[in-house]
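See structure below.
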Amino acid sequence: MLVLNRKDIVSTFSTNGIKRHLAVDTLGFPFFTHCTKANLSDDKGLIEMLTKNIGYFQSKPVNTPKITILLDHGYHTEYLREELEKVYPQIMTKIRFELSAKPSKQEKKGNGWVSLQH
-15 MLVLNRKDIV STFSTNGIKR HLAVDTLGFP FFTHCTKANL SDDKGLIEML TKNIGYFQSK
45 PVNTPKITIL LDHGYHTEYL REELEKVYPQ IMTKIRFELS AKPSKQEKKG NGWVSLQH
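-15 is the number of the first residue of the sequence shown in the numbering used here; add one for each residue after it.
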C-alpha cells in the first residue's frame, strides 16, 4: 500500500492477476487510478501511475508546498526518484517521499488487522 499524502492516499491491491493502483484524497475521492499485471512490482506500478499523470505535477506551481507521498517499507525511494527524474527532471521540486511508520502488533489489532503466527 502506498499513500500520496497532501493529503492524498494511494492504495495498491491485487485481484485475479490485476494489480490496481488507486490514489484518493483524504475524503476517499479518486485522484489517480492505474491497473497493471499483478506480477509488476509496486515500485514500477507507482512510476507508471505517476508518469501517466505527470502533467498534474508539471502544472503545480513551485512556490506551493510539496506533495508528500507516504510509502510503506516495501517501496524503494531512491529507485523511484531516479526513474521519475528520467520522466520529469524537476519532479522532486514538487513531491517528496516519506516512509510510513510500521504499526505495532497492538495497533494492528486495534485497527482490525489480523496477525498470523507461523
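C-beta: ideal position from N, C-alpha, C; glycine also. Because the structure is a prediction, the values reported are computed rather than measured.
- For L34 and K28, the gap between their C-alpha atoms comes out near 10 Å.
- The C-alpha of T(-1) lies about 13 Å from the C-alpha of L24.
- Under a 10 Å Cβ-count criterion, T20 is classified as buried, with 16 or more other Cβ atoms of the shown protein chains found around its own Cβ.
- Between I51 and I79, the beta carbon gap of about 5 Å places them in contact (Cβ cut-off 8 Å).
- With respect to the 8 Å criterion, I38 and F81 are not classified as neighbours on the basis of their beta carbons.
- Rounded to whole angstroms, Q74 and Y59 show a C-alpha spacing of 21 Å.
- With 16 or more other CB atoms across the displayed protein chains lying within 10 angstroms of its CB, A7 is buried.
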